[in-house]
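Enquirer: Numbered according to my numbering, the sequence shown terminates at residue 981, and the numbering increases by one at each position without gaps.
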Amino acid sequence: MLERIGFIGLGIMGKPMARNLLKAGYSVTVYNRSRPAVDELVEEGAAAAESPQEIAKNSEVVITMLPDGPDVEEAVLGLDGLLAGANRWLLIIDMSTISPGAAKRLAEAARERGVGMLDAPVSGGDKGAIAGTLSIMVGGNEDDFKRAMPIFEAVGKTITYCGSSGAGQTVKACNQVAVALHYAAASEALVLGAKAGVAPEVILKVLGGGLAQSRVMDMRGPAMSQHQFTPGFKARLHSKDLRIIMETAREYGATLPFAALADQLYTALVQNGGGELDHSALLTVIEKLSNGSIGDTQ
684 MLERIGFIGL GIMGKPMARN LLKAGYSVTV YNRSRPAVDE LVEEGAAAAE
734 SPQEIAKNSE VVITMLPDGP DVEEAVLGLD GLLAGANRWL LIIDMSTISP
784 GAAKRLAEAA RERGVGMLDA PVSGGDKGAI AGTLSIMVGG NEDDFKRAMP
834 IFEAVGKTIT YCGSSGAGQT VKACNQVAVA LHYAAASEAL VLGAKAGVAP
884 EVILKVLGGG LAQSRVMDMR GPAMSQHQFT PGFKARLHSK DLRIIMETAR
934 EYGATLPFAA LADQLYTALV QNGGGELDHS ALLTVIEKLS NGSIGDTQ
């Protein structure tokens, strides 16, 4: 018998993930601060709750998909949070991107209440969330991971157990370093080519067929070339991730000079009003620094 699932956080990623759980036959109860996404999923078969505490009382497994660490902490530890309504068989799966340290602290707080908790951040953007092909990196108790596997398989394709609590978030930090630098590289390549009079479509075709090919360029390159930055993952969230990355790097004594530069570039993008755009809008920062646009090929 399928476990009853609670789902908290119905944003760009969370809503399609909850929808895929419904399609897989799960009974899903949802909670979100804004009501429209809740109403939409209720029409598709979900139940609605008024608080995380209510979600916990009516679920065996609860997934959180929230913007930042403080949001997850409030959902788990708040007066009307998950632990306030937890039963002894509850498993919390945090699929947000938060710091590894916060993931460890939350897992310990859950363990003190006899509740299991996994950190299971994802990669793949809104397209992966919609298609159910997300990459999921998981930290926590391995038995809890095995219990959660059927749920992960309903929303993801590449599912990897990374180690103890916090390991999933550590691997996600590594992922976000690489993604940010891929966007920076693609942006610089497109701007350089445009400055020299080569159309971005030509640059993307050539780079996509050689050693420089990347999934980032395959998925977002065409939209970047058209200046289409409808968010699949918002720039302000990647900026938040880079803040986590730099804090984690300092904690472990890792030197990440290129990630530090990406952190500054994304900060500039957000501070100049681009925080709600897709993170591929990093291109616009490179264009401004170069006093030109990739649409200005000569």
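For every residue, glycine included, the Cβ atom is placed at its ideal position computed from N, Cα and C.
Using the beta-carbon count (16 or more within 10 Å), is valine 885 buried or exposed?
Expert: Per the 10 Å Cβ criterion, exposed.
Enquirer: Measuring CB to CB, does aspartate 961 end up less than 8 Å from alanine 918?
Expert: For aspartate 961 and alanine 918, yes; Cβs fall inside 8 Å.
Enquirer: Nearest to leucine 760 by CA position, among Gly957, Ala731, Glu791, Met778, is which residue?
Expert: Looking at the Cα atoms, Glu791 is the closest of the given residues.
Enquirer: Which runs of the beta strand (DSSP E) at least 3 residues long sit entirely within the segment 703-770? Give them in chain order.
Expert: Runs of the beta strand (DSSP E) inside the segment 703-770: 711-714, 744-747.
Enquirer: Quick check: the Cα distance between arginine 687 and isoleucine 738, rounded to an integer number of angstroms?
Expert: For arginine 687 and isoleucine 738, the distance between alpha carbons rounds to 10 Å.
Enquirer: Going by alpha carbons, who is nearest to leucine 704 out of Ala879, Glu727, Trp772?
Expert: Nearest option by C-alpha distance: Glu727.
Enquirer: Below 8 Å between beta carbons: does that hold for threonine 967 and glycine 957?
Expert: Closer than 8 Å, so yes.
Enquirer: Specify the secondary structure class of valine 953 as computed by DSSP and reduced to three states.
Expert: Looking at valine 953 - three-state DSSP - the assignment turns out to be helix.
Enquirer: What would DSSP say about aspartate 979, mapped onto helix, strand or coil?
Expert: DSSP places aspartate 979 in coil when its eight states are reduced to three.
Enquirer: Which value, in whole angstroms, describes the spacing of the CA atoms of serine 935 and glycine 784?
Expert: Per the sequence presented here, residue 935 reads as tyrosine, with serine not at that position. Rounded to the nearest angstrom, the two C-alpha atoms are 11 Å apart.
Enquirer: Expressed to the nearest angstrom, what Euclidean distance is found between the alpha-carbon atoms of serine 976 and phenylalanine 916?
Expert: Distance between the alpha carbons of serine 976 and phenylalanine 916: 23 Å.
Enquirer: Take phenylalanine 828 and list the residues in its own chain whose beta-carbon comes closer than 7 Å to its own, dropping the five residues that flank it on each side.
Expert: Excluding positions up to five away in sequence, the list reads Leu801, Val821, Tyr844.
Enquirer: Near alanine 964, what residues of its chain come up, given a Cβ to Cβ distance below 7 Å and the 5 sequence neighbours on each side ignored?
Expert: Contacts found: Phe912, Ala918, Leu952, Gly957.
Enquirer: I need the boundaries of the beta strand (DSSP E) containing glycine 632, first residue and last residue.
Expert: Since the first and last residues shown for the chain are 684 and 981, residue 632 lies out of range.
Enquirer: Do valine 725 and alanine 732 have their C-beta atoms closer together than 8 Å?
Expert: No.
Enquirer: Where do the N-terminal and C-terminal ends of the alpha helix (DSSP H) with valine 862 fall, by residue?
Expert: Counting along the chain, the alpha helix (DSSP H) containing valine 862 begins and ends at 850-878.
Enquirer: Within its chain, find whatever has a CB closer than 6 Å to the CB of glycine 689; leave out the 5 residues flanking it on each side and keep chain order.
Expert: Cβ within range, chain order: Thr712, Ile738, Ser742, Val745.
Enquirer: So, with DSSP's three-state summary, where would you put valine 645?
Expert: Summary: the structure shown does not reach residue 645, with the chain confined to residues 684 through 981, and so no result is reported for it.
Enquirer: Nearest to glutamine 909 by CA position, among Leu693, Ala879, Val874, Ala943, is which residue?
Expert: Considering only alpha carbons, the answer is Val874.
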